[in-house]
Amino acid sequence: MLVIHCPYCGPRPEPEFAHGGQAHIARPHDPANTTDEELLQFLYLRENPRGLFRERWRHARGCGRFFNAIRDTNTDFFVTTYKVGERPALPGGAQ
Amino acid sequence: MSNLTRRSPRIEAQSWLEPLPAKTRLSFRGGPDAIAAASHGFGVNLSTDACRAASANDRAALWLGPDEYLLLAPESDAAAVRTTLAEALGEIPHSIVDISHRHAAFVVKGPQAEWLLGGGCPLDLDLAAFPVGMCTRTVYMKSEIYLWRTAADAFHIETWRSFTPYVVDHLIDAARECGG
Amino acid sequence: MKARTTAGGRVDRSKKVRFTFDGRAYEGLAGDTLASALLANGVHLTGRSFKYHRPRGIVGSGSEEPNALITVIRDEARKTPNLRATQIEIYDGLIAESQNRWPSLEFDLGAINSLFSPMLPAGFYNKTFMWPRSWWYKVYEPNIRAAAGLGKAPSLPDPDRYAQQFAHCEVLVVGAGPAGLAAALSAANSGARVVLCDEQAEMGGSLLSERNANIDGLSAADWVARTLETLRANPRVRLLARTTAFGYFPHNNIGLVERITDHLESLPAHAPRERLWQVRATEVVLATGGIERPLIFPGNDRPGVLLASAARTYANRYGVRVGERVAVLAGCDAAFEAAVDLSAAGSTIAIIADARPVGSVDGPGFAAAKSAGLRILPSATALAVSGKLRVTGVQLGIVGQDGKVVVGETIACDTIVTSGGFTPSVHLHSQSRGKLAYDDQLGAFVPAATAERTRSAGFSRGVSGLTAALNDGATAGADAAVASGHACTALQFSAQALDVGLAGSPGALPQLAGPIPPAKAFVDFQNDVTTRDLALAQREGFQSIEHIKRYTTTGMATDQGKTSGLNALGIVADASNRRLADVGLTTYRMPYTPVTFGVFAGPARGDQFDPVRRTPSHDWAVARGGVFEDVGNWKRTRYFPVGNEDMHAAVDRECLGVRNSVGMFDASTLGKIEVVGKDAAEFLNRFYVNNWSNLGVNRSRYGILCRDDGFVYDDGVIVRLAEDRFHVTTTTGGAARVFNMMEDYIQTEWRDLSVWITSTSEQWSVVAVQGPKARDVLAKLVTDIDLSAAALPHMGVARGHIAGIPTILMRVSFTGELGFEVNVPAEYGADLWEAIYAAGQEFNITPYGTEAMHVLRAEKGYIIVGQDTDGTLTPDDAGVAWAIGKTKHDFVGKRGMDRAALKAAGRKQLVGLLTEDPKVVLEEGAQVVLAPNQSIPFEMVGHVTSSYYSANLGRSIAMAVVAGGRSKMDQTIYVAMPGGDIPVKVVSTVFYDPQGARLNV
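Protein chains in written order, with the numbering used here: chain A, 9 to 103; chain B, 107 to 286; chain C, -2 to 998.
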């Protein structure tokens, strides 16, 4: 059972959270004018890195907020969590 | 309407378990302006600190999320609360939804309260980590609950009505070991 | 109790305890384990081995015991197999039985396996039983299972309770030996919350086995007592004895099992048998000590061969002599200390045969043995053991300076104790993803880098010597407290003890070189793995220790190689000319010792396994004999049988009752979401496929929700309660996921919208009143609502009161009849149900359940999302494309369903099917084919999604998804079934009242 830092509520136990897949997959602003290739990217193509991963969580059984996290998939340790609309750099400075 | 009786989920009182009477419950959601106005209209200062409840004159406002509160008031206050909130909020964007019947509520109290809840709730309920006045949605076993510490040894708990027997029965089961 | 010493130890000599082992009565003392009590009675033989059924005795004194696996029987339902005799606390009336023997422990027919042992080498399962496959299932496997195996599970349901508890602390200390106690004492001084757990009944660890040690001027026993008193008096400290830390989970979440009643003579009424603790610790101190390794030589598994430290524990802690004439085989200085203490307990030490070369041994243990006058033979090895059910002697050999072994003297003895050195218990450190490093001096792996916020202390990280272990623990405890944010300084301790070295050389003892292979020398007692098996595995090409482990089974089963792991590595290293450190380690897996299924299940069993959600009509339905089905966590009434009706009869009657007069149905489980805000309509426009802007207040519309990929996700009726307020209904099962999806789009995609949502699923109770007489029934109950078709047309909504209860009255139909759904606040739901039932009596109102609901909606071709759709159907595939708001530029799924593949011809489309034989009801899920009698593999073009017998139509009906289905109207296709292909005609999904005349009245 992981401890996840909700950006609103602080550290809380994993059973309160729902995982939400890869972060920063924005819905196209004008879906009608996207190409099939762009749609493919939006709907289906996801990273599955070994290492640092930006992913979404929802504090579903807490404050209800969606937020993002950087988690190391090797260790299950979180680097940080952050609110929707933010995008802190990875350790080392990469975006 | 006066002859109507609300049939709340049955909760058998125990030395450590106190069923609470029917209540007026409103789900209030809105931005900072609405929160300020609602404080005025409800007569309780809605906390802008996360996971904190505020109460005054039999009314309480529980912070559930940055734009979400559970407002509790006596059953008889239902109309009055709606009116004063509407007046105070005016055109400020917000949402108020009556959820009076969505929940059942009870208090788990006494020296074993923390222990009993710790049988199914993974939060740290030590007084330092979960002080009096703290409130949150969380889980107890497989049910969602609303947990509000009203005293060092008392927790106000709300559950969705169909989950009440499940939560209460697990608590009663756990309490048998404590002689409850 | 012939082998009991006259005084000393921690047993209560005034309290006799009677128990039976294999039906024979014995007497022990309060404080005994089953192992110490049996040894006190001179019983070593406690089991038969897994593979060869060799007689086996007690080897250890704690959880490392590989041999003495015992079944304890309390009653018919309480038979616990595979308990280690060394951990079973005896109580008056305890019934214990040995395992894996027939007909008796002394004479076991299975031991014939030993004669065939050349046929049972490493990998024998893999080699012998591969072919033919049918023989494996029918013959080999059942026989192997009967012959092998470790104990039997009870066949009755477990009558015990099991509890679970979440716990939080700043410092968790695992192990209450010297290092653990010192760590807990130090950390507790800081005011931090401390949890200290230990698997034994008594805390104190190795200190409980000390004879002469002193700490700060107190005897070891007194120091333990005083320390526990101090800890117990601290309200921030929790002491958990009989509690095993079995698993180290991420983020310092440690699983403990506390055994609460197994040691009690009578079971307290309300105590759980065990408790699962899920401890979240800010910092962890692992003070888990170490495990002694046996020496490996031919016959080393005979009853009467024990670990030296175990023999010492039996003498000092339990007042039991493991033998009268003891040969000591030393590969480690601890053997000297054991020899001295056993001698003090009254055993004769026949010899101390030291495997190490002449002149290489020195130190306090050696000196103590010398001064006790014990005979020490250096450069010795053991070549053979005599005796079968109990040791009678040992044949020694002498290793010359050239490394050659010559036969030495034969020592008569009834017991052999051996010490091959100690292995730090790094299991939990390793489970926490900590790294290990090989310590050449110690001859074992010790913790290196940690991954979690954890630290090892005392011998678990190779620190030996009592003062050093205490102070190492104190430092670790203080460090942990400081790291958790509490000021703390480490306590300082000073101890006097023999402090023998604990180092050794993992591997086997040297043997005679020669043509005759020696008798079996066991590496892993529990899995019957010998040195030869390891050699064979390497000869057959296995290099990786992970492969060797699986091929030979060394280090597997309940024991997980506690005594054998490092020795196996030593042998493999030796045989492959590698350094032990280079051989690598197998992964340490949880649990540390076996954990019951019961404690994992905890209180979540029977009726309390899952939440059981009941609707307001539940009690009424129970009283009427309603039959329920589970829909998610909900109990829904499936049908209401009258008299002796079976389901078919009841459902037929219910379906006819609705269409002929009126029926009532509890629809309270539908998901409900109130969408509020000035942009509520805009939000729904973007979210659902339909257009909502043009929906008037107090009007409703059937909505379809897709995901962005264009596939149908949910559906339901949506009511506009006000310009800025909508009441959205979802499917019963979809309530939570639709709510989540709405929050997702509101919070992350459309943050410009002023809209909020609130779940009202349980705020409203819903009774559907359906049928031509529905209006007449409700007319009796409403005073302030005009029910006329003009005032309340189909999909109209009225607000007022019914039976005095405030209501949102929706004119909607999931049956195709004149219908209403009456919403009232949930706590009035039961009253409403009864009021409608009473009002409906003059119309012979029929309460109906989910089964009739399904049939009625299928007669009208109304889909159920998740049954008629499966996540791969677009609204057009499902025949509901009419719901799409054609003028909208965007909504969730619009672009997705606009993809070429989702508009292509030949997609699976929902159609109706009619069987040629009206009595044949198709099976849901059956495959649809275009032509009959095809040979396998044939092309499947779809499947049946809904199928029922319709009493109203007097025939069966079905819906199916069929490739290009709508272009096949009136064609005959087939449903493939094992009994033959069933011809069906493709028809419209609307079987009943296609004009909808019954709806608009």
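Each residue gets a CB set at the ideal place from its N, CA and C atoms; glycine is no exception.
Interfacial residues, the region 216 to 234 of chain B to chain C, with Cβ spacing under 7 Å = The region 216 to 234 of chain B vs chain C, Cβ under 7 Å: G224, G225, C227, P228, D230, D232.
task = Could you please give the first and the last residue of the uninterrupted alpha helix (DSSP H) stretch that includes L228(C)?
result = The count along the third sequence starts at 1 and reaches residue 228(C) at position 231. Run containing L228(C): 217 to 229, per the alpha helix (DSSP H) assignment.
ask   = Expressed to the nearest angstrom, what Euclidean distance is found between the alpha-carbon atoms of R255(B) and G863(C)?
value = As a first step, residue 255(B) must be located in the second sequence, where it is residue number 149. As a first step, residue 863(C) must be located in the third sequence, where it is residue number 866. Using only the alpha carbons, I get a separation of about 41 Å.
key: C-alpha gap between F988(C) and V672(C), whole angstroms   = Locating residue 988(C) in the third sequence gives position 991, counting from the first residue. Locating residue 672(C) in the third sequence gives position 675, counting from the first residue. Distance between the alpha carbons of F988(C) and V672(C) is about 35 Å.
key: Interface positions of the region 50 to 73 of chain A facing chain B (Cβ-Cβ less than 7 Å), listed along the chain   = Residues passing the 7 Å Cβ filter: R69, G70, C71, G72, R73.
task = Closer than 9 Å by beta-carbon distance: list the chain B residues that pair up with Y16(A), in chain order.
result = As a first step, residue 16(A) is located in the first sequence; it is residue number 8 there, counting from the start. Here the neighbours are A156, C157, G171, P172.
request  = Let me know if S108(B) comes out buried or exposed under the rule of 16 or more other beta-carbons within 10 Å of its beta-carbon.
outcome  = Position 2 of the second sequence holds residue 108(B). Low confidence applies here, because S108(B) scores a pLDDT of 47, under 50, leaving its location unreliable; read the following figure in that light. Its Cβ having fewer than 16 others within 10 Å, S108(B) is exposed.
request  = Give me the Cα-Cα distance between E814(C) and E250(B), rounded to the nearest whole angstrom.
outcome  = Residue numbering aside, residue 814(C) sits at position 817 when the third sequence is read from its first letter. Residue numbering aside, residue 250(B) sits at position 144 when the second sequence is read from its first letter. Cα-Cα distance, rounded: 38 Å.
Nearest neighbour of G707(C), chosen from L273(C), Q924(C), L899(C) [CA to CA] = Numbered from 1 along the third sequence, position 710 holds the residue referred to as residue 707(C). Nearest C-alpha to G707(C) among L273(C), Q924(C), L899(C): L899(C).
ask   = Are there 16 or more other CB atoms within 10 angstroms of the CB of F269(B), so buried, or fewer, so exposed?
value = Against the second sequence, residue 269(B) aligns to sequence position 163. Here F269(B) is buried, its C-beta having at least 16 other C-beta atoms within 10 Å.
ask   = Rounded to the nearest angstrom, how far is the Cβ of T378(C) from that of L393(C), given a contact under 8 Å?
value = Here the question's residue 378(C) lines up with position 381 in the third sequence. Here the question's residue 393(C) lines up with position 396 in the third sequence. Separation of the CB atoms of T378(C) and L393(C) is rounded to 7 Å, and the pair is thereby assigned contact status at 8 Å.
task = Examine chain B for any beta-carbon lying closer than 8 Å to the beta-carbon of Q605(C), and answer yes or no.
result = Translated into positions along the third sequence, residue 605(C) becomes position 608. Under the Cβ criterion of 8 Å, Q605(C) is counted among the residues facing chain B.
ask   = Helix, strand or coil: which one does DSSP assign to S108(B)?
value = Taking the second sequence and counting its residues from 1, one reaches residue 108(B) at position 2. Here S108(B) scores only 47 on pLDDT, less than 50, and its place in the model should not be relied on; the value that follows carries that caveat. Of the three classes helix, strand and coil, the one that applies to S108(B) here is coil, per DSSP.
inquiry  = Here's the rule I'm using: 16 or more other beta-carbon atoms within 10 Å means buried, otherwise exposed. How should F594(C) be labelled?
reply    = The count along the third sequence starts at 1 and reaches residue 594(C) at position 597. Exposed is the call here.
inquiry  = For E193(B), would you say it is in contact with chain A, using Cβ-to-Cβ distances shorter than 8 Å as the test?
reply    = The residue given as residue 193(B) occupies position 87 in the second sequence. It does not: the Cβ of E193(B) has no partner Cβ on chain A nearer than 8 Å.
ask   = Does M107(B) have its Cβ less than 8 Å from a Cβ in chain C?
value = Against the second sequence, residue 107(B) aligns to sequence position 1. Bear in mind that the predicted position of M107(B) carries a pLDDT of just 44, short of 50, making it unreliable; the figure below should be weighed with that in mind. Yes, contact with chain C.
Buried or exposed (CB count within 10 angstroms, at least 16 for buried), S11(C) = Locating residue 11(C) in the third sequence gives position 14, counting from the first residue. S11(C) comes out exposed.
query = Can you tell me the Cα-Cα spacing of V520(C) and G417(C), whole angstroms?
reply = Looking up residue 520(C) in the third sequence gives position 523. Looking up residue 417(C) in the third sequence gives position 420. Roughly 12 Å between the two C-alpha positions.
request  = State the beta-bridge partners of K129(B) as determined by DSSP.
outcome  = Within the second sequence, numbered from 1, the residue matching residue 129(B) stands at position 23. Paired residues: P180(B).
inquiry  = Judging by CA-CA distance, which residue of S541(C), M850(C), P507(C) is the nearest neighbour of T528(C)?
reply    = As a working note, residue 528(C) is residue 531 in the third sequence. Among S541(C), M850(C), P507(C), the Cα nearest to that of T528(C) belongs to P507(C).
ask   = Could one say the Cβ of S263(C) lies closer than 8 Å to chain B's Cβ atoms, at least one of them?
value = The residue given as residue 263(C) occupies position 266 in the third sequence. With 8 Å as the cut-off, S263(C) does not count as an interface residue toward chain B.
ask   = Going by beta carbon distance, what residues of the same chain come within less than 7 Å of F935(C), once the five residues before and after it are set aside?
value = Within the third sequence, residue 935(C) is the residue found at index 938, counting from 1. Only V926 meet the Cβ criterion.
key: CB contact check: T89(A) to chain B, cutoff 8 Å   = Your numbering for residue 89(A) matches position 81 in the first sequence. T89(A) does not count as touching chain B.
A40(A): contacting residues in chain C (beta-carbon distance under 9 Å) = Here residue 40(A) refers to the residue found at position 32 of the first sequence. Simply H886, D887, K891, R892, D895.
key: For T345(C), the three-state DSSP class (helix, strand or coil)   = For the purposes of this step, residue 345(C) is identified with residue 348 of the third sequence, where counting begins at 1. Of the three classes helix, strand and coil, the one that applies to T345(C) here is strand, per DSSP.
Same chain only: Cβ atoms within 7 Å of D338(C), ignoring 5 sequence neighbours per side = Position 341 of the third sequence holds residue 338(C). By the criterion of a C-beta distance shorter than 7 Å, D338(C) is surrounded in its chain by R208, R309, A312, N313, once the five residues flanking it on both sides are discounted.
query = Can you name the residues of chain A whose CB is closer than 7 Å to the CB of P247(C)?
reply = Position 250 of the third sequence, counted from the start, is the residue given in the question as residue 247(C). Neighbours of P247(C) on chain A, chain order: L10, D84.
request  = Decide if Y52(A) is buried, meaning its Cβ has at least 16 other Cβ atoms within 10 Å, or exposed.
outcome  = The residue you call residue 52(A) lines up with position 44 of the first sequence. Result: exposed.
Local Cβ density within 10 Å of D330(C), reported as buried at 16 or more and exposed below that = For the purposes of this step, residue 330(C) is taken as the residue at position 333 of the third sequence. D330(C) is buried by the Cβ-count criterion.
key: Between the CA atoms of A347(C) and G28(C) - distance to the nearest angstrom   = Start at 1 with the first residue of the third sequence, and residue 28(C) comes out as number 31. Start at 1 with the first residue of the third sequence, and residue 347(C) comes out as number 350. Going by the C-alpha atoms only, they are around 30 Å apart.
query = Can you check whether the CB of A164(C) is closer than 8 Å to the CB of V276(C)?
reply = In the third sequence, the residue the question calls residue 276(C) occupies position 279. In the third sequence, the residue the question calls residue 164(C) occupies position 167. Using a Cβ distance threshold of 8 Å, V276(C) and A164(C) count as a contacting pair.
inquiry  = Please report the straight-line C-alpha distance between A219(B) and M894(C), rounded to a whole angstrom.
reply    = For the purposes of this step, residue 219(B) is identified with residue 113 of the second sequence, where counting begins at 1. For the purposes of this step, residue 894(C) is identified with residue 897 of the third sequence, where counting begins at 1. Near 54 Å, if we compare the C-alpha coordinates of M894(C) and A219(B).
inquiry  = What would DSSP say about C652(C), mapped onto helix, strand or coil?
reply    = Taking the first residue of the third sequence as 1, we reach residue 652(C) at position 655. DSSP places C652(C) in helix when its eight states are reduced to three.
ask   = Where do the ends of the alpha helix (DSSP H) carrying Q398(C) lie?
value = As a working mapping, residue 398(C) is identified with position 401 in the third sequence. No alpha helix (DSSP H) contains Q398(C), which DSSP labels as neither H nor E.
ask   = Given that A280(B) touches chain C, what residues does it touch there, using C-beta distances under 8 Å?
value = Translated into the one-based positions of the second sequence, residue 280(B) becomes position 174. Below the 8 Å Cβ cutoff, chain C contributes A160, P600 as neighbours of A280(B), in chain order.
ask   = On the three-pair Cβ rule with 8 Å, is the region 14 to 31 of chain A touching the region 65 to 77 of chain A?
value = These segments touch.
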